[in-house]
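A.B. asks: Residue numbers (this note's numbering), protein chains in the order written: chain G, 1 to 338; chain A, 1 to 338.
No residue lacks a Cβ here, since even glycine has one placed at the ideal position from N, Cα and C.
From a predicted model like this one, the values you see are computed outputs, not experimental measurements.
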DNA sequence: CAAGTGTGCTGCATCGGTTGAGCAAAGATG
DNA sequence: CATCTTTGCTCAACCGATGCAGCACACTTG
């Protein structure tokens, strides 16, 4: 009687396949991972092993494989939220590009919570990711340090860090272009020389740059921007809503046009506009540094800027593939839909 | 001279910690994974090891740990797309509930592509997930079979299967309630006795049930529904857009109210309404079996039904925790925002 | 003081693949 | 026919963590 091939509940292993095929575990392993030609296994044996593996529905144990190799072929990404199309499309594109390279993507969302970010980074390192992408992280350099201590490569996306290479949008240029479009669209409805209102975002690199682009466009148009026009209230819709209410209470009539930092505060802005009735029948012109197809098809008064997600991920994977050592920042131009 | 503690590029292991602390690898392992009391390690040694591990920034190798234990503590989820708030909130909630249970969530998006779904399921099994959740899968039973062959538990979410337990929305009841609301809201604008139009969705369980609920509500209101009023065109916006155009070309004036199966076809519906000018200044009443905060704040004529994601995930994890064997289907009631 | 009990630790095999070294047999070469 | 080369495969160590068995020592008990 032949040796029992496999215990009932247990998963099939290369040792089971070895007994079934009458070959050694080494032969089975090398056939299944493609190194068999280098190891001079005959085509006949390779085919037999492949056939039996297929018949038995064998699945490689990546934990065991990853333990022995020096590369795990895992690539991690942390992302703040899944509540908007921008991060959604980043994740979708990231996963598909990772898979195209034979990497297994692990993505986790950290709720814009810096403590969770660190925990998630540690967990990914524990799972032996080869590389970690920190997307829109609140403290990218902290993550880079943790990764470096564990010998894991890290890259930043969307928000830059000083310690690792970063791929971000051209926030200043994009904000400038968007501001110009809002100024042009609202020219008929604005008091001449009146600046736009800036709403949303928190004091990070991107907001700073966007505000700078916002100011640049104003000064190019010869319009002065007062600091009270900048409401960088964070990303929560409620905060934007409250800030508008407070500003209106203090200043009376608000400008007939505004720059909103993303679709999340946009929700609060729209809510306030509708609820307050501040603008009556003449809704303000809005520019949004973010794109959502439903918003763009539902509205006429909102100009949406679209960040070039495919372009950014192209640059990101270029860096992943080439392993640059310096903490360069790549800025990808933004787009407008059609 | 003491034995060299660690090679430069390599990651710290329990063996390094053992030499550093003068204890055995076994002691280090048991201290770090919490089994040290059972193993009668002294508090003094436990504290020393913990301190050294912290100082050195040690991170457990989960591949090695997972290989040795019978449970990997990995839980996988496949999800069709990240392009809407429904799946986004499912993933966010799933991740946080998994983490609360000490599980590491692995989520991957399969682009509504059945081949990718299978590939992703196989990859997750290869990575030794303890359990796999198939969300909105095109062929959930195929995934269940693949999981079963590998001895991996699987559950369905959003769309039910016949071979594994499922948690889904009460599609029929929700569609009935939504249809009633649309009928009521549009009563003044509809030709009496005229049915609504049904747009979007593909021939799966959920669409079938939603159409049934749609029909139920009509028959309860004494309205007959012609088959030509059902445009189950799939989820792509373009398909919904084209179908409306074709129907209008054939039938002339469309009903003044419609039921749209989710926010994705809604985009096409709105686009067609705006582009065609079919309804002139009197936009149709719309009910959408899905919820998006931006849409709900931007529009007055769209009633949005919200699927109870927290409730569904509560039920899902109840099943994960209790390991039921039967392929029961749990239907969770839907909500309306406020 | 021999036997029994408890404390605090270590040694070794093991999980499932991967890898470098090596071995036997067949074929080529002088 | 002895030697060298090539072909086709196997052996054993190893990756890092875990769990069982067991050992040395101290302390109690009759």
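Starting from residue 85 of chain A, find everything on chain G with Cβ-Cβ shorter than 7 Å and list it in chain order.
C.D. replies: Position 85 of the second chain, counting from 1, holds the residue named residue 85 of chain A. Correct list: 83.
A.B. asks: Expressed to the nearest angstrom, what Euclidean distance is found between the alpha-carbon atoms of residue 321 of chain A and residue 144 of chain A?
C.D. replies: In the second chain, counting from the first residue as 1, residue 321 of chain A sits at position 321. In the second chain, counting from the first residue as 1, residue 144 of chain A sits at position 144. One C-alpha to the other measures close to 18 Å.
A.B. asks: Please state whether DSSP places residue 289 of chain A in a helix, a strand or coil.
C.D. replies: The count along the second chain starts at 1 and reaches residue 289 of chain A at position 289. If DSSP states are grouped into helix, strand and coil, residue 289 of chain A belongs with coil.
A.B. asks: Hey, residue 75 of chain A and residue 158 of chain A: beta-carbon distance below 8 Å or not?
C.D. replies: Within the second chain, numbered from 1, the residue matching residue 75 of chain A stands at position 75. Within the second chain, numbered from 1, the residue matching residue 158 of chain A stands at position 158. Not closer than 8 Å, so no.
A.B. asks: Do residue 287 of chain A and residue 260 of chain A come within 8 Å of each other at the CB atom, strictly closer than that value?
C.D. replies: On the second chain, residue 260 of chain A is found 260 positions in, with the first residue counted as 1. On the second chain, residue 287 of chain A is found 287 positions in, with the first residue counted as 1. Taking 8 Å as the Cβ cut-off, residue 260 of chain A and residue 287 of chain A qualify as a contacting pair.
A.B. asks: Quick check: what's the CA-CA separation for residue 55 of chain A versus residue 177 of chain G?
C.D. replies: Within the second chain, the letter at position 55 stands for residue 55 of chain A. Within the first chain, the letter at position 177 stands for residue 177 of chain G. Residue 55 of chain A and residue 177 of chain G: Cα-Cα distance of roughly 49 Å.
A.B. asks: Touching or not, the stretch 135-149 of chain A and the stretch 181-200 of chain A, by the rule of three or more beta carbon pairs under 8 Å?
C.D. replies: Counting Cβ pairs under 8 Å, fewer than three are found: no touch.
A.B. asks: Please state the DSSP three-state secondary structure of residue 282 of chain A.
C.D. replies: Along the second chain, read from residue 1 onward, the residue named residue 282 of chain A stands at position 282. Three-state DSSP puts residue 282 of chain A in coil, outside helix and strand.
A.B. asks: Step through the CB atoms of chain A and report whether any lies within less than 8 Å of the CB of residue 61 of chain G.
C.D. replies: What you label residue 61 of chain G is simply residue 61 of the first chain in a count that begins at 1. Judged by the 8 Å Cβ criterion, residue 61 of chain G is in contact with chain A.
A.B. asks: How many angstroms separate the CA atom of residue 336 of chain G from the CA atom of residue 189 of chain G?
C.D. replies: For the purposes of this step, residue 336 of chain G is taken as the residue at position 336 of the first chain. For the purposes of this step, residue 189 of chain G is taken as the residue at position 189 of the first chain. If I take the Cα positions, the gap works out to 23 Å.
A.B. asks: In terms of residues, what are the limits of the alpha helix (DSSP H) holding residue 52 of chain A?
C.D. replies: For the purposes of this step, residue 52 of chain A is taken as residue 52 along the second chain, with counting starting at 1. Here the alpha helix (DSSP H) through residue 52 of chain A covers 43-56.
A.B. asks: Which same chain residues end up closer than 8 Å to residue 160 of chain G when comparing Cβ atoms and leaving out the 5 residues on each side of it in sequence?
C.D. replies: Locating residue 160 of chain G in the first chain gives position 160, where the first residue counts as 1. Hits under 8 Å: 140, 166, 168, 205, 329.
A.B. asks: At a Cβ threshold of 8 Å, is residue 260 of chain A touching chain G?
C.D. replies: Sequence index remark: in the second chain, residue 260 of chain A carries index 260 (1-based). Residue 260 of chain A does not count as touching chain G.
A.B. asks: Assign residue 292 of chain G to buried or exposed, taking buried as 16 or more other Cβ atoms, counted over all protein chains shown, within 10 Å of its Cβ.
C.D. replies: On the first chain, residue 292 of chain G is found 292 positions in, with the first residue counted as 1. By the 10 Å Cβ count, residue 292 of chain G comes out buried.
A.B. asks: Between residue 168 of chain A and chain G, is the shortest Cβ-Cβ distance under 8 Å, so that the two count as touching?
C.D. replies: Taking the second chain and counting its residues from 1, one reaches residue 168 of chain A at position 168. No, residue 168 of chain A does not count as interfacial toward chain G.
A.B. asks: Work out the CA separation of residue 89 of chain A and residue 154 of chain A for me, nearest whole Å.
C.D. replies: The sequence position of residue 154 of chain A within the second chain is 154, counting from 1. The sequence position of residue 89 of chain A within the second chain is 89, counting from 1. Computed Cα separation, rounded: 21 Å.
A.B. asks: So is residue 309 of chain G in contact with chain A if we call contact Cβ pairs under 8 Å?
C.D. replies: As a first step, residue 309 of chain G must be located in the first chain, where it is residue number 309. Output row for residue 309 of chain G: interface = no.
A.B. asks: From the beta carbon of residue 337 of chain G, is the nearest beta carbon of chain A less than 8 Å away?
C.D. replies: As a first step, residue 337 of chain G must be located in the first chain, where it is residue number 337. So, not an interface residue.
A.B. asks: Check residue 61 of chain G in the structure and name its three-state DSSP category.
C.D. replies: Here the question's residue 61 of chain G lines up with position 61 in the first chain. Here residue 61 of chain G sits in coil by DSSP.
A.B. asks: The beta strand (DSSP E) that contains residue 32 of chain A, what's its start and end?
C.D. replies: Your numbering for residue 32 of chain A matches position 32 in the second chain. No beta strand (DSSP E) holds residue 32 of chain A; the alpha helix (DSSP H) holding it covers 25-33.
A.B. asks: Can a CB atom of chain A be found closer than 8 Å to the CB of residue 109 of chain G?
C.D. replies: The residue you call residue 109 of chain G lines up with position 109 of the first chain. Yes, because at least one Cβ of chain A sits closer than 8 Å to the Cβ of residue 109 of chain G.
A.B. asks: Quick check: what's the CA-CA separation for residue 120 of chain A versus residue 78 of chain A?
C.D. replies: Here residue 120 of chain A refers to the residue found at position 120 of the second chain. Here residue 78 of chain A refers to the residue found at position 78 of the second chain. Rounded to whole angstroms, residue 120 of chain A to residue 78 of chain A spans 7 Å at the Cα level.
A.B. asks: If we cut at 8 Å on Cβ distances, does residue 297 of chain A have a partner in chain G?
C.D. replies: For the purposes of this step, residue 297 of chain A is taken as residue 297 along the second chain, with counting starting at 1. Chain G, which has a Cβ nearer than 8 Å to the Cβ of residue 297 of chain A, makes this yes.
A.B. asks: Taking only the alpha-carbon atoms, compute the straight-line gap between residue 28 of chain G and residue 46 of chain G and give it to the nearest angstrom.
C.D. replies: Start at 1 with the first residue of the first chain, and residue 28 of chain G comes out as number 28. Start at 1 with the first residue of the first chain, and residue 46 of chain G comes out as number 46. Using only the alpha carbons, I get a separation of about 8 Å.
A.B. asks: Given that residue 149 of chain G touches chain A, what residues does it touch there, using C-beta distances under 8 Å?
C.D. replies: Counting from 1 along the first chain, the entry for residue 149 of chain G is found at position 149. Simply 57.
A.B. asks: Are residue 125 of chain A and residue 59 of chain G touching if we call contact CB-CB under 8 Å?
C.D. replies: What you label residue 125 of chain A is simply residue 125 of the second chain in a count that begins at 1. What you label residue 59 of chain G is simply residue 59 of the first chain in a count that begins at 1. Yes, they are a contact pair.
A.B. asks: Pull up the CB-CB distance for residue 179 of chain G and residue 213 of chain G, whole angstroms please, since I reckon it's below 8 Å.
C.D. replies: By one-based count along the first chain, residue 179 of chain G stands at place 179. By one-based count along the first chain, residue 213 of chain G stands at place 213. At roughly 7 Å, the Cβ-Cβ gap stays under 8 Å, so residue 179 of chain G and residue 213 of chain G are in contact.
A.B. asks: Which residue or residues does DSSP assign as beta-bridge partners of residue 131 of chain A?
C.D. replies: As a position in the second chain, residue 131 of chain A is number 131, starting the count at 1. Bridge partners of residue 131 of chain A: A:75, A:153.
A.B. asks: Along chain A, which residues have their Cβ under 8 Å away from the Cβ of residue 66 of chain G?
C.D. replies: Residue mapping note: residue 66 of chain G aligns to position 66 of the first chain, counting from 1. Here the neighbours are 63.
A.B. asks: Secondary structure at residue 223 of chain A, three-state DSSP: helix, strand or coil?
C.D. replies: Stepping through the second chain from its first residue, residue 223 of chain A is reached at position 223. Residue state, collapsed to three classes: coil.
A.B. asks: Could you pull the start and end residues of the beta strand (DSSP E) that residue 306 of chain G belongs to?
C.D. replies: If you number the first chain from 1, residue 306 of chain G lands on position 306. From DSSP, the beta strand (DSSP E) with residue 306 of chain G extends over 302-306.
A.B. asks: In this structure, how does DSSP classify residue 105 of chain G when only helix, strand and coil are distinguished?
C.D. replies: For the purposes of this step, residue 105 of chain G is identified with residue 105 of the first chain, where counting begins at 1. Looking at residue 105 of chain G - three-state DSSP - the assignment turns out to be strand.
A.B. asks: Rounding to the nearest angstrom, what Cα-Cα distance links residue 99 of chain G and residue 256 of chain G in this structure?
C.D. replies: Indexing the first chain from 1 puts residue 99 of chain G at position 99. Indexing the first chain from 1 puts residue 256 of chain G at position 256. One C-alpha to the other measures close to 47 Å.
A.B. asks: Tell me which residues share the same chain as residue 15 of chain G and place their Cβ nearer than 7 Å to its Cβ, disregarding the 5 neighbours each side in the sequence.
C.D. replies: Numbered from 1 along the first chain, position 15 holds the residue referred to as residue 15 of chain G. Taken in chain order, the residues that qualify are 25.
A.B. asks: What residues in its chain sit with their C-beta under 7 Å from that of residue 53 of chain G, if we drop five residues either side in the sequence?
C.D. replies: On the first chain, residue 53 of chain G is found 53 positions in, with the first residue counted as 1. Same-chain partners within the cutoff: 17, 32.
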